[in-house]
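Student: Read left to right, the sequence shown gives residues 2 to 537 (the numbering used here).
We treat Cβ as the ideally placed atom computed from N, Cα and C, and that holds for glycine.
Just so we're clear, the structure is a prediction, and the values are computed from it rather than from any experiment.
Attaching a single structure in structure tokens format; questions to follow.
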Amino acid sequence: MGKNYQSILAGTIIGLTLSLSQPFYGWWFLVFLGLVLVFLATKLFSKGSGAFSLGYLVGLVYFLIDFKWLWAVYPLTNLGIENKILAFFFIFLTWVITAGAMAFAWGSAVWLFHQTDRRVSYSALLIFPSVFTLSEYVRSFFIALVWTGHQTPIGPFWTLGNLAYNFHGSFLFLKFASWFGIYGVVFLTVFLSVWLFVFLEKRRYKKLLFLVLGIFIFFYWPNFLRFDLFEDPRSNLNQKIEVAIIQTKTPSKPSYTSAEEVSIFKTQLELIDSIGKNSPQAKLIIFPEESNFFTRLAIFKKAPEASRYFADLFAKPVLILDNSQISEKGQFKARTIFLDSQKGILGSYDKYLITPGAEYVPLLFKKLDKTLGLNSPELQNIAEYQTGGERPPVINSEEGIRIMALVCADIFSPNLTKLGAAQPNLLVSQSSFAFGHGPKDLLAKDLAASKLRAAESGRYLIKSSNFGYSFVVSDTGKQIKTTSNFDPQILTASVVLKDGKTLYNKVGDAPILLASFAVLLVSLFWKSEVAKAQPF
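Here it is, written out as structure tokens:
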């Protein structure tokens, strides 16, 4: 009983410690303290089951806090669910099951720590980072697997909670991400943590002090002392353009009255008209997710007037991005439309990562609804979205803009934003946080993910938000401009169209993952051989 109590207490304290390093709280250095405490606790358990329980509890506390923003959507009236008890049940279930599934990866990682090197010797400098890196990669599949639905894409797309995001304020960590991605940052983080533990345990206090100072210098290395190791020389061949970001504050509802539709459209017209008057040099205009401006324009203006609207408003070609809810053959899609003000539509992108619970009902919910005999009409009548089925395309304009648009949860997937043969020179992210009235902790995670995606790709990233902050992030991951509130407004900025590839976009995640897998296999084989050599 005493051991169980100590395990629960240790897991809770370590989980809380690691939670305070999340982007919303900003105490990044607690990542290292939390991991050192994990290694210490691992040594204290004589059984692997105890190690798994410890890791699982640490992960459970961490992810319960990481996903607490889910409660911002209560009571789900914006999805058409009026039953508050049913809403509480579904949110609580989503919160607990999601955190529990994520925690399983951490429990497995700590169990493998215990199995491969319980003493936490110098060999753990490679073994532990490899194990945890692989567990984080596997964990990125879990949301799609647990909350699977019709046409849900399965893949390593959901990286929410990754420790790499907790270092989004460091230029050198972001630089490291441009070489090896977020899994490289995770590997480095665990490597440094093991090193700290080894020095602490062996009482090498002078070395420990130098390592701690080195970590702080590494984190606070100034942006202006940048260097271009592994940089593609073509990345210097770039040009600047002016962009105008439209931010709105439209509440999320299942449907709007005619008066509400008119009011929303009027606000959007005022915003885009102000760009024509005050920022005529803008080459790119971005609406946020679910803005539906093109749809409303076609409804409220006569066809000839609507077709000439942008050509009359802007003397020179302007690329305009709008995101609308599209219904085709009874199926809903979130579609970003790329429109040249002079030439018309250049292309479109149907959102690839649809959000479980918000844009489709997971099969688990449907099964529970039927098993429990609820047969909820609200749940059965929710309009479900379909995945676009295709990854974000690159759209070219005659102004030299090659653009890739990410919608909502796409921003959390480095797998989607990794540049392919078709190279964008600018990234755009469209989001709407109206479902939770702009939950601050989710906004902090979104900013952290945006900075990592910009650094990994070596591209400027523009964020247009509804009920959230809009901002611009540079190719190094530095936030260079942002709005100060959620009010409807225009954010203008100069951005650089970048060419060339970062090292990460040349090699991707494969090298760090394959190396980690090789280290794990060797360590397990070596342990097996040592066990065979032991006399009975």
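Per DSSP, which residues does Q490 bridge with? Please list them.
Tutor: Here residue 490 refers to the residue found at position 489 of the sequence shown. Partner(s): Q248.
Student: Which residues in the same chain have their Cβ closer than 6 angstroms to the Cβ of W29, if we skip the five residues on either side of it in sequence?
Tutor: Taking the sequence shown and counting its residues from 1, one reaches residue 29 at position 28. Result list for W29: S22, N167 and F168, in chain order.
Student: Check Y6 in the structure and name its three-state DSSP category.
Tutor: If you number the sequence shown from 1, residue 6 lands on position 5. Looking at Y6 - three-state DSSP - the assignment turns out to be helix.
Student: Using a Cβ-Cβ cut-off of 6 angstroms (strictly less than) and excluding sequence neighbours within five positions of I144, which residues of its own chain qualify?
Tutor: Translated into positions along the sequence shown, residue 144 becomes position 143. Closer than 6 angstroms at the Cβ level, and outside the excluded window around I144, lie W159.
Student: Could you tell me the distance, in whole angstroms, from the CA atom of G156 to the CA atom of F174?
Tutor: Locating residue 156 in the sequence shown gives position 155, counting from the first residue. Locating residue 174 in the sequence shown gives position 173, counting from the first residue. So the two alpha carbons sit approximately 25 angstroms from each other.
Student: Cα separation between N195 and A125?
Tutor: As a first step, residue 195 must be located in the sequence shown, where it is residue number 194. As a first step, residue 125 must be located in the sequence shown, where it is residue number 124. With the sequence shown as reference, residue 195 is identified as Val, and Asn is not the correct amino acid for it. C-alpha separation (whole angstroms): 7 angstroms.
Student: From the DSSP output, read off the bridge partner residues of E290.
Tutor: Here residue 290 is taken as the residue at index 289 of the sequence shown, counted from 1. DSSP lists no partner for E290.
Student: When the Cα atoms are used, what is the spatial distance from Q424 to K176?
Tutor: Against the sequence shown, residue 424 aligns to sequence position 423. Against the sequence shown, residue 176 aligns to sequence position 175. Rounded to the nearest angstrom, the two C-alpha atoms are 20 angstroms apart.
Student: Check the C-beta distance from V191 over to F91 and give it rounded, since I have them as a contact under 8 angstroms.
Tutor: Taking the first residue of the sequence shown as position 1, residue 191 is located at position 190. Taking the first residue of the sequence shown as position 1, residue 91 is located at position 90. The pair is not a contact, with the Cβ atoms about 35 angstroms apart (cut-off 8 angstroms).
Student: Is G439 helix, strand or coil when you go by DSSP?
Tutor: Locating residue 439 in the sequence shown gives position 438, counting from the first residue. It is coil, neither helix nor strand.
Student: Compute the Euclidean distance between the alpha carbons of K507 and V429, then round it to the nearest angstrom.
Tutor: Taking the sequence shown and counting its residues from 1, the one referred to as residue 507 is at position 506. Taking the sequence shown and counting its residues from 1, the one referred to as residue 429 is at position 428. Cα to Cα, the separation comes out at about 21 angstroms.
Student: Quick check: the region 431 to 442 against the region 397 to 405, are there 3 or more CB pairs under 8 angstroms?
Tutor: Segments in contact, no.
Student: So, for T95: in the same chain, excluding its five sequence neighbours on each side, which residues have a beta-carbon less than 7 angstroms away from its beta-carbon?
Tutor: On the sequence shown, position 94 is the one that residue 95 refers to. Contacts found: L71 and G358.
Student: Here's a check: name, in chain order, each residue in its chain whose Cβ is nearer than 6 angstroms to the Cβ of Q269, leaving out the five neighbours to either side.
Tutor: Position 268 of the sequence shown, counted from the first residue, corresponds to residue 269. The answer, listed in chain order, is F294.
Student: Would you call the CB atoms of K538 and S432 closer than 9 angstroms?
Tutor: Not covered by the structure: residue 538. The range shown for the chain is 2 to 537.
Student: Taking all protein chains shown into account, do 16 or more other C-beta atoms lie within 10 angstroms of the C-beta of N237, making it buried, or fewer, making it exposed?
Tutor: Here residue 237 refers to the residue found at position 236 when the sequence shown is read from its first residue. At N237, the pLDDT of 49 sits below 50, so the modelled position is not reliable and the matter cannot be decided from this model.
Student: Would you tell me roughly how many angstroms separate the C-alpha atoms of A449 and E457, rounded to the nearest one?
Tutor: The residue labelled residue 449 in the question sits at position 448 within the sequence shown. The residue labelled residue 457 in the question sits at position 456 within the sequence shown. Using only the alpha carbons, I get a separation of about 12 angstroms.
Student: Quick test of your reading: N426 and D500, contact by CB under 8 angstroms. State the CB separation rounded to the nearest angstrom.
Tutor: If you number the sequence shown from 1, residue 426 lands on position 425. If you number the sequence shown from 1, residue 500 lands on position 499. Right, the Cβ-Cβ distance comes to about 6 angstroms (below 8 angstroms), so this counts as a contact.
Student: In angstroms with no decimal places, state the Cα-to-Cα distance between L522 and Q116.
Tutor: Residue mapping note: residue 522 aligns to position 521 of the sequence shown, counting from 1. Residue mapping note: residue 116 aligns to position 115 of the sequence shown, counting from 1. Taking the straight line joining both Cα atoms gives about 12 angstroms.
Student: Could you spell out where the alpha helix (DSSP H) holding N324 opens and where it closes?
Tutor: As a working mapping, residue 324 is identified with position 323 in the sequence shown. Careful: N324 lies outside any alpha helix (DSSP H), inside the beta strand (DSSP E) at L320 to E329.
Student: For S357, which three-state DSSP category applies?
Tutor: The residue labelled residue 357 in the question sits at position 356 within the sequence shown. Sequence inspection shows Pro at residue 357; the Ser mentioned does not correspond to that position. Three-state DSSP puts P357 in a strand.
Student: Taking the beta strand (DSSP E) that L428 falls in, what are its first and last residues?
Tutor: Looking up residue 428 in the sequence shown gives position 427. Taken as a continuous stretch (DSSP letters only), the beta strand (DSSP E) holding L428 covers L427 to S433.
Student: For a test of the three-state rule: what should DSSP assign to F133, helix, strand or coil?
Tutor: Here residue 133 refers to the residue found at position 132 of the sequence shown. The answer is helix: DSSP assigns F133 an H, G or I state.
Student: Using CA coordinates, which residue listed in L31, W527, T483 and T477 is at the minimum distance from G182?
Tutor: Locating residue 182 in the sequence shown gives position 181, counting from the first residue. The option with the nearest alpha carbon to G182 is T477.
Student: G170 lies in the alpha helix (DSSP H); which residues open and close that run?
Tutor: The residue given as residue 170 occupies position 169 in the sequence shown. Careful: G170 lies outside any alpha helix (DSSP H) and carries neither H nor E.
Student: Rounded to whole angstroms, what's the CA-CA distance from I491 to S275? Just pull it up for me.
Tutor: Translated into positions along the sequence shown, residue 491 becomes position 490. Translated into positions along the sequence shown, residue 275 becomes position 274. One C-alpha to the other measures close to 8 angstroms.
Student: What do you reckon, are the CB atoms on I273 and I247 nearer than 9 angstroms?
Tutor: Taking the sequence shown and counting its residues from 1, the one referred to as residue 273 is at position 272. Taking the sequence shown and counting its residues from 1, the one referred to as residue 247 is at position 246. Result yes, Cβ atoms of I273 and I247 sit closer than 9 angstroms.
Student: Got a sec, what are the start and stop residues for the alpha helix (DSSP H) D341 sits in?
Tutor: On the sequence shown, residue 341 is found 340 positions in, with the first residue counted as 1. Taken as a continuous stretch (DSSP letters only), D341 belongs to no alpha helix (DSSP H), being part of the beta strand (DSSP E) at Q332 to D341.
Student: Which residue or residues does DSSP assign as beta-bridge partners of E243?
Tutor: Along the sequence shown, read from residue 1 onward, the residue named residue 243 stands at position 242. Answer is S495.
Student: Out of curiosity, what's the CA-to-CA distance linking K250 and S259?
Tutor: As a working note, residue 250 is residue 249 in the sequence shown. As a working note, residue 259 is residue 258 in the sequence shown. Computed Cα separation, rounded: 18 angstroms.
Student: Under DSSP, the beta strand (DSSP E) around I92 begins and ends at which residues?
Tutor: For the purposes of this step, residue 92 is taken as residue 91 along the sequence shown, with counting starting at 1. Here I92 belongs to no beta strand (DSSP E); instead the alpha helix (DSSP H) covers K85 to D118.
Student: Do L322 and F339 count as a contact pair if the criterion is CB distance below 9 angstroms?
Tutor: Locating residue 339 in the sequence shown gives position 338, where the first residue counts as 1. Locating residue 322 in the sequence shown gives position 321, where the first residue counts as 1. The answer is yes: Cβ separation under 9 angstroms.
Student: If you reduce the DSSP assignment to three classes, tell me which class S283 lands in.
Tutor: Here residue 283 corresponds to residue number 282 of the sequence shown, with the count starting at 1. Here residue 283 is Ala; the residue named in the question, Ser, does not match the sequence. Three-state DSSP puts A283 in coil, outside helix and strand.
Student: Can you list, in chain order, the stretches of the beta strand (DSSP E) that have 3 or more residues and sit fully within the region 364 to 418?
Tutor: Runs of the beta strand (DSSP E) inside the region 364 to 418: 395 to 397 and 403 to 408.
Student: If distances are taken between C-alpha atoms only, which option among Y138, V395, K267 and L285 comes closest to Q343?
Tutor: Against the sequence shown, residue 343 aligns to sequence position 342. Cα-wise, what sits closest to Q343 is L285.
Student: If you measure between the beta carbons of S466 and S131, is that distance less than 9 angstroms?
Tutor: Reading the sequence shown from its first residue, position 465 is the one you call residue 466. Reading the sequence shown from its first residue, position 130 is the one you call residue 131. Not a contact, by the Cβ cut-off of 9 angstroms.
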